[in-house]
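In the numbering used here, the protein residues as written are 13 to 424.
The C-beta atom is built at its ideal place from N, Cα and C for all residues, glycine as well.
On a predicted model such as this, the values are computed, not experimentally measured, just so you know.
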Amino acid sequence: MAVAPILSWEGLGLIQGQASQGAGGGWLFQNIDIAIGARDRVALIGRNGAGKSTLLRLLSGQVEADRGTRAVQPGTRIVTLEQDPFFTGYETLMDFALHGADAPPRHEVEAIADQLGIDMSRSAEKASGGERRRAAIARALAQEPDLLLLDEPTNHLDLAAIDWLESWLQRYNGAFVVISHDRTFLTRLTRTTLWLDRGSLRRKDVGFGGYEAWEDQVFAEEARNADRLDAKLKIEAHWLERGVTARRKRNQGRLEKLYQMRAQRAAMLNPQGVAKIKLGSDDVKTKAVIVADKVTKRFGDRAIIKDFTLRIQRGDRIGVVGANGAGKTTLLKLLTGELAPDEGTITLAKTLSGVMIDQQRSLMAPTRTVREVLAEGGDWIDVRGVRKHIQGYLKDFLFDPGLVEAKIGTLS
């Protein structure tokens with residue numbers, strides 16, 4: 013006898029814009045069926061903007077669907093680890109962890125926080141992205157869920173914290189659904205893959221390690237079906253061009269079949285392309301773009317960086333690694349001139365044009381639209397000296413051009 017799922021959706025449908033203030037009108041999902049078993053380890057896969065985070069909120073009950081029936085086994089405790097938890101208004105990380113009616117016991121939070129190496133008395137405002145992420149993990153795991161919904165759980169975590177979380181999930185007796193761009197994390201932990209693709213949801217009982225081969229098979233079969241249908245359409249179109257009368261019943265039926273095939277071909281889903289992301293380069297011959305000489309930076313009595321020297325040459329690609337809270341972001345702010353060192357000097361090349369993409373995307377106000385951020389409200393963007401229409405530029409990054417008026421805060 014089959015065991016009933018702990019959570020399921022039947023005939024799930026959601027109209028675009030219902031879960032946010034983004035572009036609306038069509039179906040984001042339609043006729044989706046989902047069943048999560050008590051020990052399932054599920055990777056939820058899909059392109060950026062496909063609706064993965066929204067689907068997690070539908071599973072948790074945070075978002076109402078336009079169609080479908082949600083069923084949860086009585087007594088099932090569902091906990092969500094949000095991609096960007098809201099820390100504003102909490103004095104300490106512990107205050108965040110203990111907020112709300114579903115707050116876990118303090119001693120459970122403390123036990124997990126100790127294992128993660130996080131001081132929960134730390135100021136929530138001053139905590140780094142990694143420290144906030146570990147506090148959110150401590151809150152979620154301390155609630156002892158039957159089903160964990162994890163949205164990018166490894167974001168901002170250092171390697172030690174990722175290893176700890178992976179070990180915890182391997183021992184975990186409940187079910188989880190995880191969204192992540194960490195391919196190794198997904199491969200090691202998952203046994204089932206849900207693939208959210210162009211508004212439909214496919215399921216295969218293999219972990220993420222088998223996803224790429226499965227994807228290739230699906231796209232190859234779709235291409236074969238499209239080719240066969242195109243060949244039939246070509247034959248039928250040639251018949252129609254000969255001017256065969258549609259008055260005879262036999263011809264009326266054939267004409268109706270042609271219309272049906274055309275509708276079927278139009279409804280076929282086209283695989284999304286590959287983003288066209290090109291890093292700029294120029295002919296400027298300046299060798300050193302940033303020079304740091306014996307730099308020291310302190311916060312209170314703590315030296316974040318001490319007697320640090322670095323020379324960055326044009327064309328260098330440099331990775332900055334370190335434990336959460338070690339000062340990686342502080343180092344970037346020093347090198348870009350956003351922070352001044354307490355000792356030493358940092359020299360930037362006169363021709364240097366830099367862009368910093370911070371963890372919180374603070375340079376992009378959530379109330380501004382994509383058009384306002386990229387083109388200052390206009391239609392054209394200057395891309396390395398080439399004038400390009402904003403919708404064409406968005407397509408290079410696999411954005412739906414219809415999102416040009418969407419507010420930044422509604423994007424995934």
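Task: Cβ separation of V398 and L406, assumed to be a contact under 8 Å, to the nearest whole Å - done: Rounded, the Cβ-Cβ distance is 15 Å, inconsistent with contact.
Open item on the list: Using CA atoms only, rank isn't needed, just tell me which of D114, S72, S135 and G219 is closest to L161.
Closed with: S72
Task: Contact set for R259: own chain, Cβ-Cβ below 8 Å, skip 5 residues either direction - done: In this prediction, R259 scores a pLDDT of 48, lower than 50, which makes its location untrustworthy; the coordinate-derived value is nonetheless stated afterwards. Excluding positions up to five away in sequence, the list is empty.
Open item on the list: Less than 8 Å between C-beta atoms, sequence neighbours within five positions excluded: which residues of the same chain meet that for I330?
Closed with: I324
Task: Buried versus exposed call for E143 [16 or more other C-beta atoms within 10 Å across all chains shown] - done: buried
TODO: Would you kindly work out how many angstroms separate the C-alpha atoms of G38 and Y102, rounded to a whole number?
DONE: 38 Å
- [ ] Return the first residue and the last residue of the beta strand (DSSP E) that T202 is part of.
- [x] Careful: T202 lies outside any beta strand (DSSP E) and carries neither H nor E.
- [ ] Ignore the nearest five residues each way along the sequence and tell me which others in G222's own chain have a CB closer than 8 Å to its CB.
- [x] T205 and K216
Task: One or two residues paired with R53 in a DSSP bridge - done: F188
Task: Backbone CA spacing between I46 and E22 [nearest angstrom] - done: 7 Å
Task: DSSP three-state assignment for R399, whether helix, strand or coil - done: strand
TODO: Pull up the distance between the alpha-carbon of D295 and that of S135, whole angstroms please.
DONE: Any reading at D295 must be qualified, since the residue scores a pLDDT of 47, below 50, and its modelled position is unreliable; the value itself is stated next. C-alpha separation (whole angstroms): 46 Å.
- [ ] State the Cα-Cα distance for the pair A1 and L213, rounded to the nearest angstrom.
- [x] The chain is shown only over 13 to 424; residue 1 falls outside these bounds and no answer can be derived.
Task: DSSP bridge partner residues for F41 (one or two, in chain order) - done: L26
Open item on the list: Could you tell me the alpha carbon to alpha carbon distance between L61 and T202, rounded to whole angstroms?
Closed with: The question names Leu, yet the displayed sequence has Gly at residue 61. The alpha-carbon atoms of G61 and T202 are separated by roughly 22 Å.
TODO: Apply the 10 Å Cβ neighbour rule to Q28 and answer buried if 16 or more other Cβ atoms are within range, or exposed otherwise.
DONE: buried
Open item on the list: Tell me the DSSP secondary structure of L162 in three-state form.
Closed with: strand
- [ ] Enumerate, from N- to C-terminal direction, the unbroken alpha helix (DSSP H) stretches of 4 or more residues contained entirely within the region 57-95.
- [x] 64-72
Open item on the list: Let me check understanding here. Comparing Cα to Cα, which of N167, Q42, A249 and G389 lies closest to G80?
Closed with: Q42
TODO: From the DSSP output, read off the bridge partner residues of F220.
DONE: None, per the DSSP bridge assignment.
TODO: Determine the burial state of T321: buried for a count of at least 16 other Cβ atoms within 10 Å of its Cβ, exposed for fewer.
DONE: exposed
Task: Cα-Cα separation, N237 to Q272 - done: 15 Å
TODO: Excluding the 5 residues preceding and the 5 following T92 in the sequence, name in chain order all residues of the same chain whose CB lies nearer than 6 Å to its CB.
DONE: S72 and L161
- [ ] Ignore the nearest five residues each way along the sequence and tell me which others in T308's own chain have a CB closer than 8 Å to its CB.
- [x] A315, I317, K318, D319, F320, P353, D354, E355 and G356
- [ ] Taking all protein chains shown into account, decide if I124 is buried (16 or more other Cβ within 10 angstroms of its Cβ) or exposed.
- [x] buried
Task: Nearest candidate by alpha-carbon position, reference R326, set A338, L346, R310 and V303 - done: V303
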